Structure formats: C-alpha cells, structure tokens
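Novice: If you're matching positions, the sequence shown starts at 225 in our numbering and goes up one per residue.
For each residue, glycine too, the CB sits at the ideal point set by N, CA and C.
Since this is a predicted model, take the numbers as computed values, not measurements.
I am attaching a structure below and will ask some questions about it afterwards.
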Amino acid sequence: MTPAPENTDVVIAGAGLAGLVTAHELLARGRRVTVLDKDRAERCGGLAREAFGGILLAGTPEQRRARIRDNPGLALRDWESYAEFGPDDHWPRAWAECYCETSVEAIHRYLHGLGVRFLPVVNWPERGWDRPGNSVPRWHVVWGLGGEIVTRLRQALAEHPRADRLDLRFGHDVTGLDTENGRVVGLHGVREDDGTDFRLRAEHVVIAAGGICGGDLSRVRAHWHRPWGTPPAKLLNGGHIHGDGRLHEAAAGAGARLTHLDRHWHYAAGVHHPRRLRPDDGLSLVPPRSALWLDARGRRVGPPPLVANTDTRHLVETVLGLPGQYSWLVMNRRIARRELAVSGYDFMDAFRNKRRIKLLRQALFGNDELLARLLAECPEDLVAADTPAALARAMDGRNLYGLRVDAEGMLADIRAYDDEIGRGPRFFNDPQLRRIAQARAYRGDRLRTCRFQAILDPRAGPLIAVRAFILSRKSLGGIQTDLDCRVLAESGAPVPGLYAVGEAAGFGGGGINGKRSLEGTFLGGCILTGRRLGQHLGGGIAT
C-alpha cells in the first residue's frame with residue numbers, strides 16, 4: 225500500500241556537508257526543511273566528517289598574515305589551467321568563477337561564523353607538473369579537520385532559533401523522485417529499520433546524496449575514463465559507503481542532464497583500510513616528496529620521476545600505465561616519520577583533537593606514532609627491512625599478478641639517487657631533488673619535508689616500502705546545475721522543482737573542477753553550493 229505523503233517546504237536527500245549547509249541557510253530564512261539520510265545519526269556529515277579538512281580559499285587573512293599575495297583573478301587563472309574546460313563547459317566555468325570570486329565571503333566567513341578556525345600555516349599542494357597549478361599556497365586546513373566542520377554545523381542547527389522547522393531523519397533510504405505534469409513534487413523511499421515505505425511531498429526537492437564513487441565500484445568502472453584504458457583489477461574504494469549514484473539516475477529519469485560521469489578524482493597512494501566496511505575499502509596516504517616512486521618490479525618510475533604534491537591526475541595516469549597498475553613507495557624511517565601522512569580523520573590525532581603541543585612536537589621531530597600504527601595495522605601494504613635485499617624479498621611477497629622485484633635494479637636506482645644527493649645541491653639535476661628544494665623554500669613545507677635525505681643512509685633506517693594502489697575518492701562530474709543550483713535538462717531549461725548541491729552536482733554545474741582539482745575544492749564546493757541554493761530558495765539575505 226502506497227503511504228500518504230507528508231508535506232514540507234523543502235526536502236533534502238542527503239545529510240552530508242552540502243545538505244546540512246543548505247538546511248542551515250533555509251532555516252535562517254524561515255523555511256520548513258526535512259533532511260533524509262540513509263546512514264546512522266552518528267555518521268551524519270557524510271565523507272566530510274572523515275576528511276582531512278583542507279579548503280581552497282583565495283585572499284584570506286591567513287594568507288595576508290603569511291605575506292601570500294593572492295586574489296580571485298589569480299586563483300581563477302590557475303583553476304582554468306588545471307581544469308582544461310571544454311567549449312561546452314559553460315556552467316562548470318561559471319561555477320569556478322563564482323567560487324574564486326566569493327570564497328572568502330561565502331566559505332571562509334561562513335565557517336568563521338560557525339566557530340571554525342584554520343591553522344595559521346597555509347599549505348601548498350597541487351603546484352602543477354606540466355601545467356600551472358596553485359601559484360601560491362591556498363589549502364587552508366581546519367583546526368579539528370573535517371569532523372570539526374560537521375560538529376559546528378550540527379551544533380548551529382540544533383541551537384538555531386528556528387530549529388523546530390528542521391526535521392532531520394536518519395535510516396531513510398531515498399530511492400526515487402515523484403513527478404506531476406513535468407514537475408518534481410517529492411521523493412520516496414524505504415525506512416531502514418522496518419522496511420516500510422515513506423513518501424514526502426515538497427515545493428522544492430534537493431539532491432545532496434553525493435557522487436557515484438563509494439557505494440561500490442561498479443559505477444566507477446562503468447564510467448571509467450576511456451583514454452586511461454581499462455580500470456585496475458585492484459582498485460581501492462575511498463568514497464562514501466552510500467554514494468551509489470541512484471539519485472543521478474532518478475534525476476535523469478525526471479529530465480536532468482548528467483555530465484562528465486567519467487571524470488573521477490582518484491589518488492595514487494591508497495592502501496587497504498585496516499577496518500574495512502566493504503571489499504577493497506581504502507585509506508588514502510599523503511605520499512612523501514622524498515620517497516622514491518617505483519613500479520611493481522622495483523624500478524624507479526620515469527623519466528621524469530613521480531613526485532608527490534605536484535599533479536594528482538598526472539600521478540594517477542602514470543601509475544595506470546605501469547605493470548599491474550600499482551606501485552611502490554620506498555623510503556626510510558626518517559622520511560616516513562616526517563613526511564608520511566594520512567588523509568583520514570581517524571589517523572591524525574593531533575589535528576583531530578586540537579592538541580597543539582603534540583602537533584608541534586610532531587612537526588619538529590616527526591610522527592612516530594602514525595608510522596608505528598600504519599606498520600602495525602596495514603602489514604598487507606607496508607613492509608620494513610634493514611637491507612635493500614631484505615626489503616626486495618618482502619616486497620616480492622606482496623606483489624601481484626606474478627610480477628617480481630628486480631632487486632639489483634632497484635638497488636642501482638636508489639644508489640643513483642643517493643649519489644646525486646651526496647654531490648650536493650649545487651649539482652642537483654634530478655627533477656625530484658629540484659622539486660624538494662622548491663618545496664623547502666616555503667616555510668609551510670620546510671618542516672614536513674626532509675632536507676635531501678638519502679634513502680640508504682644507515683642512520684635513517686630501517687627501510688620502508690608502501691604498496692600503493694589507485695584509490696577512488698570523488699566524482700568530478702554529476703547533475704548539471706545553473707548558479708542557483710537548479711537542475712538543468714538537456715535543453716538547458718531548469719527541471720521544475722528539482723535542485724542539486726555538492727558532489728551530486730559535480731560540486732557545481734556538473735563539473736566545476738574540469739579534469740582535475742586544485743585540492744580543497746570539494747568541501748568548499750559543498751559549502752558554496754549549499755549556501756547559494758539556500759539563498760535562492762529562501763529569497764536572498766537571511767533575516
């Protein structure tokens with residue numbers, strides 16, 4: 225029996241960051257809002273609550289205090305360089321321009337008003353490899369990581385003077401949209417606890433259910449970027465567990481245009497998660513600049529060599545062309561304790577719990593606690609040994625598809641690198657060493673980048689190798705929207721009653737990042753789209 229629909233002003237499918245921001249904006253404008261999410265209440269916030277918490281911002285107080293001269297025009301130039309927008313990317317380009325022009329007001333000041341604070345040192349990832357990336361540092365890390373944003377936002381919702389107008393329901397699996405005479409008028413689904421159906425009717429229906437990278441990897445493989453060839457046999461899953469793309473299909477059924485579904489944001493240094501919630505659940509490492517990137521046979525990738533923090537898409541494309549489509553990162557303890565990090569809320573204790581003294585100690589002396597934990601909890605992908613020969617044997621024990629490590633070749637590559645370090649900076653010709661020198665010129669990177677550390681230095685052991693897989697993380701494409709977050713049809717006209725925010729909308733316009741992200745645009749895109757939709761549906765400035 226079909227249940228009688230409940231009524232509300234706005235119904236939002238998804239209680240991730242974009243959905244929560246949208247609800248917060250609408251409450252401020254007096255609208256009645258119902259938010260539905262399949263997950264449990266304690267996991268409210270989606271992937272944002274597990275994120276490192278870096279946000280791209282241009283022209284902030286933190287940048288000015290560090291004497292970083294940035295502005296929206298420079299940010300947009302870098303963005304367009306990285307995005308490589310095509311002639312049909314009108315709305316992604318418009319969203320990129322909006323992001324760069326309004327990031328301080330729409331994102332930084334909004335978060336500051338919630339009580340969120342940023343670390344004083346602005347970070348500098350995605351500097352670019354064969355094309356310009358971030359010209360200056362823009363990656364602002366939240367003190368408390370992504371979970372802090374979700375905590376502050378939930379607190380603001382709970383304490384809002386109009387909190388009685390918000391109905392936040394968990395364990396509600398939205399399975400489809402309801403339409404009448406060409407207009408989306410509601411949605412329906414199933415309650416997780418008892419399997420009963422539900423149906424809600426609303427003036428406005430918002431899809432905030434994330435992307436297609438997460439629920440399982442079948443959609444990622446089905447929409448694989450064809451120029452990259454076939455997807456890896458071993459592909460790790462770093463997306464949200466409920467990001468299944470079903471509401472993309474529902475939106476398409478209601479007339480929406482889906483764009484760039486083959487554009488995904490993968491990382492090249494994924495390892496198996498020690499606490500797996502699904503097959504091939506992955507953990508994204510922040511790879512050290514000073515580690516040597518080797519193929520499955522133990523030979524250095526290149527020329528040119530792979531170097532972390534340059535161009536993530538380039539790293540992924542290169543690894544996809546290697547034997548077995550995975551790689552090894554070889555380093556020593558000194559490099560690992562200073563440079564190795566995890567893009568995960570649960571593994572960065574000092575950041576997560578705002579322990580300033582501990583963070584300072586780790587910055588000065590290295591993070592032995594994290595390294596010990598990774599070696600203990602991820603033995604499938606991390607190995608340590610006292611000698612290159614022993615390391616090669618350990619790597620061989622974890623190699624796939626019959627691939628074998630060339631121990632002599634690996635040792636020769638490592639020695640060649642170490643020998644160049646021994647000749648001194650005046651004679652550096654290795655692109656990796658030049659990149660390290662460039663990174664160390666910026667104080668934000670100097671503390672967490674070793675000073676030209678030789679791999680075989682006997683004082684820096686033991687040797688450590690990380691087996692690194694491609695890890696699927698975000699959908700760069702999605703449901704196409706205009707600057708008011710109205711879902712657009714193939715004709716370019718809005719689909720009446722239907723809106724999309726966050727990753728579901730490709731973080732804006734169905735693909736705001738184009739081919740690659742400058743990093744920090746995902747959390748920022750969720751906030752920006754949520755705020756713009758709230759303002760559009762709420763009638764402008766909040767009262």
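So the beta strand (DSSP E) SER359 belongs to, where does it begin and stop?
Specialist: Careful: SER359 lies outside any beta strand (DSSP E) and carries neither H nor E.
Novice: Identify whether GLU644 lies in helix, strand or coil by the three-state DSSP scheme.
Specialist: DSSP places GLU644 in helix when its eight states are reduced to three.
Novice: Does DSSP put ARG253 in a helix, a strand or coil?
Specialist: Three-state result, ARG253: coil.
Novice: Who are the Cβ neighbours of TRP452 in its own chain at under 6 Å, not counting the five residues just before and after it?
Specialist: Here the set comprises LEU544.
Novice: Using only CA atoms, which one of GLY716, ALA457, VAL408 and MET555 lies nearest to PRO503?
Specialist: The option with the nearest alpha carbon to PRO503 is ALA457.
Novice: Would you list the one or two residues that DSSP bridges to ASP519?
Specialist: The partner list for ASP519 (beta bridge, DSSP) reads SER551.
Novice: Assuming ILE638 contacts ILE679 (C-beta within less than 8 Å), just tell me the rounded distance between them.
Specialist: Yes, ILE638 and ILE679 are in contact; Cβ-Cβ is about 5 Å, under 8 Å.
Novice: Note the first and the last residue of the continuous beta strand (DSSP E) segment covering GLU473.
Specialist: No beta strand (DSSP E) contains GLU473, which is instead part of the alpha helix (DSSP H) from 470–477.
Novice: If you draw a straight line from the alpha carbon of ALA713 to that of GLY479, how long is it in whole angstroms?
Specialist: Each residue's alpha carbon lies about 5 Å from the other.
Novice: Leaving out the 5 sequence neighbours to the left and right, which residues in its chain are closer than 7 Å to TRP489 when beta-carbon positions are compared?
Specialist: Closer than 7 Å at Cβ, skipping near neighbours: ARG697, LYS698, LEU700 and SER741.
Novice: In chain order, what residues of the same chain lie with their CB nearer than 7 Å to the CB of HIS497, ignoring the 5 residues before and after it?
Specialist: Excluding positions up to five away in sequence, the list reads ASP505, GLY506 and LEU507.
Novice: Using CA atoms only, rank isn't needed, just tell me which of PHE342, HIS336, ASN358 and ASP354 is closest to ALA380.
Specialist: Taking only the C-alpha atoms, the option nearest ALA380 is HIS336.
Novice: Which same chain residues, not among the five before or five after ALA574, have their C-beta less than 7 Å away from its C-beta?
Specialist: LYS582, LEU583 and GLN586.
Novice: Which residue comes first and which comes last in the alpha helix (DSSP H) that contains GLY754?
Specialist: 745–762 is the span of the alpha helix (DSSP H), which, as asked, contains GLY754.
Novice: If the criterion is Cβ atoms closer than 8 Å, does the pair GLY269 and VAL374 meet it?
Specialist: Cβ atoms of GLY269 and VAL374: closer than 8 Å.
Novice: What did DSSP end up calling PRO451 once you bin it into helix, strand or coil?
Specialist: Looking at PRO451 - three-state DSSP - the assignment turns out to be helix.
Novice: Which residues in the same chain as ARG562 place their Cβ atom closer than 7 Å to its Cβ, once the five residues preceding and following it in sequence are excluded?
Specialist: The answer, listed in chain order, is GLY590, ARG672 and CYS674.
Novice: Just how far apart, CA to CA, sit LEU752 and SER327?
Specialist: Between LEU752 and SER327, the C-alpha separation is close to 8 Å.
Novice: Assuming PRO356 contacts GLY735 under a Cβ cut-off of 8 Å, what Cβ separation, rounded to an integer in Å, is found between them?
Specialist: The Cβ separation is near 20 Å, so there is no contact.
Novice: Just grab the DSSP bridge partners of TYR666 for me.
Specialist: DSSP output for TYR666 lists no bridge partner at all.
Novice: Quick check: the Cα distance between GLY477 and SER715, rounded to an integer number of angstroms?
Specialist: Each residue's alpha carbon lies about 15 Å from the other.
Novice: Tell me whether THR767 sits in a helix, a strand or coil according to DSSP, three-state version.
Specialist: Reliability fails at THR767, whose pLDDT of 42 lies under 50, so the model's placement of it is uncertain and the value that follows must be treated cautiously. Of the three classes helix, strand and coil, the one that applies to THR767 here is coil, per DSSP.
Novice: So what does DSSP say about TRP489, is it helix, strand or coil?
Specialist: It is a strand residue.
Novice: Taking the straight line between their C-alpha atoms, what separation do you get for VAL607 and GLY754?
Specialist: Distance between the alpha carbons of VAL607 and GLY754: 43 Å.
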